[in-house]
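Report on the following structure.
In this note's numbering, the protein residues as written are 139 to 396.
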């Protein structure tokens, strides 16, 4: 049995309780496989990144086999801005969708899921980035000052690996959710002076475990999440806080995904 998210965001939790820890968020248009059915909760696996957890059953629309086949075989568009207004003409309603949301069966700004039509208007007035590298850094900059939220993936709250996953998805690159998974992608860049904007930089703790990731803005600045999405200085040792001038994260490896 499969379902789809037709709300802006759905929390995926560690256990079947509202008070349970948030593990990640599911975006509009994400499809899930239902692995277990509880009284009021569903244990699901995201078909986007394989994340598993419990979601309120009221927040997931179950798909028929025919609808699942139609949506899985159709092109998908990823929202490339932090949020956008979505019209629902059948029910005469509107809702705001976060960046990184998916529009399955996308056609001229609209998609159809079940009996509802979802319509967006993507402005063509924005300048086209010159490269994929520039596109990634431009998308990342849209999240400046978004607050830190462990498990979050939207402009209203996001964590370091969630930021990376959403920003790269906006450019058509699907990465897994956790920082320990993301570090497995791409090729190693040996020195910081050889890096380019859009490269990912991973950081370790005192036990040499990868615990943090950021998006390189240039060879001396990095965009990452620390309290909020921010730009700090970086050198071959690690991140230097723009507020205190002290090192806050120890550099472990630089990876080029694009």
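Positions of the beta carbon are idealized from the N, C-alpha and C atoms, including for glycine.
All of these numbers come straight from a predicted model, not from anything done at the bench.
Does residue i come out as helix, strand or coil in the three-state DSSP assignment?
i, result
"residue 260", "coil"
"residue 145", "coil"
"residue 276", "helix"
"residue 271", "helix"
"residue 167", "coil"
"residue 395", "coil"
"residue 379", "coil"
"residue 388", "strand"
"residue 356", "strand"
"residue 371", "strand"
"residue 346", "coil"
"residue 366", "strand"
"residue 161", "strand"
"residue 351", "strand"
"residue 172", "strand"
Could you tell me the alpha carbon to alpha carbon distance between residue i and residue j, rounded to whole angstroms?
i, j, result
"residue 306", "residue 258", "21 Å"
"residue 387", "residue 240", "33 Å"
"residue 209", "residue 178", "26 Å"
"residue 174", "residue 340", "35 Å"
"residue 196", "residue 355", "40 Å"
"residue 211", "residue 381", "49 Å"
"residue 232", "residue 167", "16 Å"
"residue 266", "residue 310", "15 Å"
"residue 215", "residue 185", "16 Å"
"residue 271", "residue 176", "44 Å"
"residue 333", "residue 252", "46 Å"
"residue 385", "residue 316", "23 Å"
"residue 395", "residue 162", "22 Å"
"residue 171", "residue 183", "5 Å"
"residue 287", "residue 276", "22 Å"
"residue 374", "residue 274", "22 Å"
"residue 164", "residue 151", "11 Å"
"residue 242", "residue 192", "23 Å"
How would you call residue i, buried or exposed, if buried means at least 16 neighbouring beta carbons within 10 angstroms?
i, result
"residue 213", "exposed"
"residue 227", "exposed"
"residue 139", "exposed"
"residue 169", "buried"
"residue 328", "exposed"
"residue 337", "buried"
"residue 347", "exposed"
"residue 312", "exposed"
"residue 302", "buried"
"residue 291", "buried"
"residue 352", "buried"
"residue 367", "buried"
"residue 345", "exposed"
"residue 207", "exposed"
"residue 149", "buried"
"residue 203", "exposed"
Relative to the C-alpha of residue i, which candidate in the options has its C-alpha closest?
i, options, result
"residue 154", "231, 280, 181", "181"
"residue 225", "146, 255, 266", "255"
"residue 282", "361, 288, 318", "361"
"residue 205", "220, 278, 223, 142", "142"
"residue 359", "344, 199, 330", "330"
"residue 144", "187, 236, 246, 369", "236"
"residue 146", "392, 373, 293, 203", "293"
"residue 260", "269, 268, 247", "247"
"residue 280", "308, 376, 188", "308"
"residue 269", "335, 342, 200", "335"
"residue 220", "188, 229, 295", "295"
"residue 187", "156, 300, 392", "300"
"residue 218", "304, 377, 391, 363", "304"
"residue 357", "391, 250, 371, 190", "371"
With a threshold of 7 Å, establish whether the CB of residue i neighbours any heavy atom of the ligand MN.
i, result
"residue 155", "This structure lacks the ligand MN; in fact it carries no ligand of any kind."
Verify the CB distance criterion: does residue i have a CB-CB separation below 8 Å to chain B?
i, result
"residue 230", "The chain inventory of the structure shown lacks chain B, comprising one protein chain alone."
Alpha helix (DSSP H) segments (min. 4 residues) lying fully within the stretch 283-338: Fully enclosed alpha helix (DSSP H) runs of 4 or longer: 298-308, 317-320.
Along the chain, which unbroken stretches of the alpha helix (DSSP H) at least 4 residues long are found entirely within the stretch 175-260? If one requires a minimum length of 4 residues, the alpha helix (DSSP H) runs lying completely within the stretch 175-260 are 203-210, in chain order.
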